[in-house]
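Only one structure is covered here, and it is reproduced in the block below.
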Amino acid sequence: MRKAITWIIIVAVLAAVGGGGLWLRSRQQAAEQVVEVLRTGEIVQDDLEITVSSSGNVVVERRVDLAFETQGTVRAVYIQVGDRVKAGDLLSELDDDTLVDAVRQAELGLAQAQLNLQQAQEPADEAEFRLAELGIREAVQAMEVADTSAALAQVRAAIDQTRAQEYEKDAREAYEKYTDILDDYGLPAAYAAGITAMYMEAEGNVGITQLRSEVAIQQAQSQWLSANQRYAKATRDLELLQQGADESQIERLALQVEQAELSLEQARADLASAQLVAPFDGIIAAVNLQPGTAPPSPARPGDHPAVTLLDDSTVYVDLTIDEIDIGAIFEGQPVELTLDAYPDVPLSGVIERLSAFSRISGGIIAYTVRARLAETDSVAIRDGMTAGALITTAVLEDAVLIPNWAIRTDQTSDEIFTYCYCLDSGEPVRRPIELGARSEAWTQVLSGIDAGSSVALVSESVNLFDLQGRPPGALRP
3 MRKAITWIII VAVLAAVGGG GLWLRSRQQA AEQVVEVLRT GEIVQDDLEI
53 TVSSSGNVVV ERRVDLAFET QGTVRAVYIQ VGDRVKAGDL LSELDDDTLV
103 DAVRQAELGL AQAQLNLQQA QEPADEAEFR LAELGIREAV QAMEVADTSA
153 ALAQVRAAID QTRAQEYEKD AREAYEKYTD ILDDYGLPAA YAAGITAMYM
203 EAEGNVGITQ LRSEVAIQQA QSQWLSANQR YAKATRDLEL LQQGADESQI
253 ERLALQVEQA ELSLEQARAD LASAQLVAPF DGIIAAVNLQ PGTAPPSPAR
303 PGDHPAVTLL DDSTVYVDLT IDEIDIGAIF EGQPVELTLD AYPDVPLSGV
353 IERLSAFSRI SGGIIAYTVR ARLAETDSVA IRDGMTAGAL ITTAVLEDAV
403 LIPNWAIRTD QTSDEIFTYC YCLDSGEPVR RPIELGARSE AWTQVLSGID
453 AGSSVALVSE SVNLFDLQGR PPGALRP
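Per this note's numbering, the sequence shown runs over residues 3 to 479.
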């Protein structure tokens, strides 16, 4: 057991000694290694623009999905994708023959209601009185004629019924005599077929004559009732003319006019709903209409809009800014923009609106900022394009600046610090520096190097032992 422990201790000591030797050898090789200069530059003194970068998508001023408000069949489509339209332009329409008829009927109804109200409000003239009196006289005459017709019908009915009854009596007596003779001579009843038919006809004629008489009397009575109704109406019309329209009647007729106006308004709205009209100037982005078919409807799930219209008079970019940078963003701030579709074309804009509500994007709290693009004819900007933005938030004047590519970070010690390589007689020399604000290409130097100094980007070989800052096996204090 003691021998095993002894061997373990010996092996550990040998490993530590060997590791230390390897560490010393690697440090010596690193010290003796010649670095390669990849790039050189100069420390300058200039203004430093502090910027915030972001990205987003192009949006237009307005986007609207249009659809018919009524059902029907598409009669015509007057636009296609890419067309520019003006506000009020007719884009498409449905078959509207039935709706046109409904408007005409509503117009006639309104005209009649207005005429009735006008007549009620105006005093009756002499011609209207004469017309009403003439109506009464005609009704009275019609009643007298109906009375006479009823009396004649009753007299004629009595005469006709008497004649029919007498004829039936004679036919019955003749029939009875003839059948008695046949019985006396023992002849068959078939010999009485003719007189039997005559008797049955006479008997049926009694009922028919009575029915015809009743119908004639009823017709005469109906004529009298109709004439009596005309008389009552003519009498009432004359009384109304003499009395004039009362207030309640005027109100009732006025309400009828209002109702007719509403009916006409609804009919015209129904007719207008059969037309798809551009609500503003813009460009057609989508058309889902075919003549002779039913148009898409928002009420049907899955239906596309009939027409999509974009107002591209003003173009924006909606940017995403995280909460760290949002405090430096304000309305009216200039923005440099580039589109992925045109990476070599610089565009400009201005911050127009900052959202008051945050959203979480990738675990980071961010805000939507809208930038308005300046007008340009150099490229065709389309809704939804991806854009990058660079927003200048501050300017440091006369700052000592170092290129970002020249800044290095030392992580081989317990405290991380930054440094750069300065050229001394053409040889790169490592020098610690203290940094301040940073932009996309430059960083402010607070101390450690002066303006006019030359800096270099060199190739460094990193030893794994250097990252620990101590030889393998060494204990951390």
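The C-beta atom is built at its ideal place from N, Cα and C for all residues, glycine as well.
Option nearest residue i by Cα separation, candidates the options
i: Gly206; options: Ala173, Gly188, Asn230; result: Ala173
i: Ala296; options: Leu40, Gly43, Thr316, Ala78; result: Ala78
i: Ile383; options: Gly390, Ala152, Tyr423, Val317; result: Val317
i: Ile286; options: Thr150, Val66, Cys424; result: Val66
i: Ser490; options: Gly438, Leu117, Asp327, Ser215; result: An answer regarding residue 490 cannot be provided, because it is not within the stretch 3 to 479 covered by the chain.
i: Thr100; options: Trp226, Ala274, Tyr80, Ile138; result: Ala274
i: Leu311; options: Val279, Ile331, Val319, Leu264; result: Val279
i: Thr395; options: Trp407, Glu338, Thr378, Asp385; result: Glu338
i: Glu377; options: His306, Asp320, Gly386, Pro348; result: Pro348
i: Gly329; options: Val371, Val62, His306, Ala389; result: Val371
i: Arg48; options: Leu403, Asp452, Val381, Leu459; result: Reading off the sequence shown, one finds Asp at residue 48, where the question assumed Arg. It is Leu403.
i: Ser380; options: Tyr344, Gln277, Thr388; result: Tyr344
i: Asn290; options: Tyr80, Gly58, Arg165, Ala148; result: Tyr80
i: Ser363; options: Leu321, Leu398, Asp385; result: Leu321
i: Asn118; options: Thr181, Val61, Ala262; result: Ala262
i: Gly58; options: Arg374, Ala155, Arg410; result: Arg374
i: Arg158; options: Leu112, Glu216, Ala176, Lys179; result: Glu216
i: Leu264; options: Ala113, Gln82, Ile45; result: Ala113
i: Gln268; options: Ala104, Glu175, Tyr169; result: Ala104
i: Ala176; options: Ala160, Pro190, Asp186, Gly196; result: Gly196
i: Val83; options: Gly284, Pro293, Ala144, Ala408; result: Gly284
i: Ile409; options: Val60, Ile393, Tyr421; result: Tyr421
Through-space distance from residue j to residue i, alpha-carbon basis
i: Ala199; j: Gln167; result: 16 Å
i: Ser357; j: Ala115; result: 56 Å
i: Leu448; j: Ile435; result: 8 Å
i: Val431; j: Glu333; result: 46 Å
i: Ile252; j: Arg106; result: 26 Å
i: Thr445; j: Cys424; result: 16 Å
i: Ile210; j: Ala153; result: 20 Å
i: Gly188; j: Met202; result: 23 Å
i: Gly351; j: Glu429; result: 46 Å
i: Trp259; j: Tyr233; result: Correcting the residue identity first, residue 259 is Val in this sequence and not Trp. Going by the C-alpha atoms only, they are around 29 Å apart.
i: Arg64; j: Asp314; result: 7 Å
i: Val142; j: Gly74; result: 55 Å
i: Trp25; j: Arg41; result: Residue placement at Trp25 cannot be trusted, given a pLDDT of 43 that sits under 50; what the coordinates show is reported in the next sentence. Taking the straight line joining both Cα atoms gives about 31 Å.
i: Gln225; j: Asp162; result: 22 Å
i: Ala271; j: Thr72; result: 10 Å
i: Phe282; j: Ala443; result: 45 Å
i: Asp346; j: Thr340; result: 8 Å
i: Glu38; j: Leu459; result: 9 Å
i: Lys171; j: Thr164; result: 10 Å
i: Asp85; j: Leu92; result: 13 Å
i: Ser461; j: Gly438; result: 25 Å
i: Asn230; j: Gln120; result: 29 Å
i: Pro300; j: Leu257; result: 36 Å
Three-way DSSP call (helix, strand, coil) for residue i in this model
i: Asn290; result: coil
i: Ser224; result: helix
i: Asp48; result: strand
i: Tyr169; result: helix
i: Val83; result: coil
i: Thr411; result: strand
i: Thr150; result: helix
i: Gly188; result: coil
i: Thr1; result: Nothing can be reported for residue 1: it is not among the residues displayed for the chain, which extend from 3 to 479.
i: Ile404; result: strand
i: Gln73; result: coil
i: Arg238; result: helix
i: Asp305; result: coil
i: Ala296; result: coil
i: Ile183; result: helix
i: Cys424; result: strand
i: Ile285; result: strand
i: Leu459; result: strand
i: Ile393; result: strand
i: Asp162; result: helix
i: Ser275; result: coil
Closer than 8 Å to chain B by CB, residue i
i: Asp400; result: The structure shown contains no chain B, having only a single protein chain.
Distance between beta carbons of residue j and residue i, contact taken as under 8 Å
i: Ala134; j: Ala222; result: With 8 Å as the limit, Ala134 and Ala222 do not qualify as a contact, their Cβ atoms being about 27 Å apart.
i: Glu51; j: Ser456; result: That belief does not hold up - the Cβ atoms of Glu51 and Ser456 are roughly 24 Å apart, past 8 Å.
i: Ala108; j: Leu255; result: Their Cβ separation, rounded to whole angstroms, is 17 Å, which puts Ala108 and Leu255 out of contact at 8 Å.
i: Asp324; j: Ala391; result: Not a contact, Cβ separation roughly 13 Å.
i: Met387; j: Asp342; result: 7 Å
i: Val309; j: Ala288; result: 7 Å
The ligand SAM heavy atom lying under 7 Å from the CB of residue i
i: Arg214; result: Although the ligand SAM was asked about, the structure shown includes no ligands whatsoever.
Going along the chain, which unbroken runs of the beta strand (DSSP E) with 3 or more residues stay wholly within the stretch 344-380? 344-363, 366-375
In chain order, which beta strand (DSSP E) runs of at least 3 residues are fully inside the stretch 316-347? 336-341
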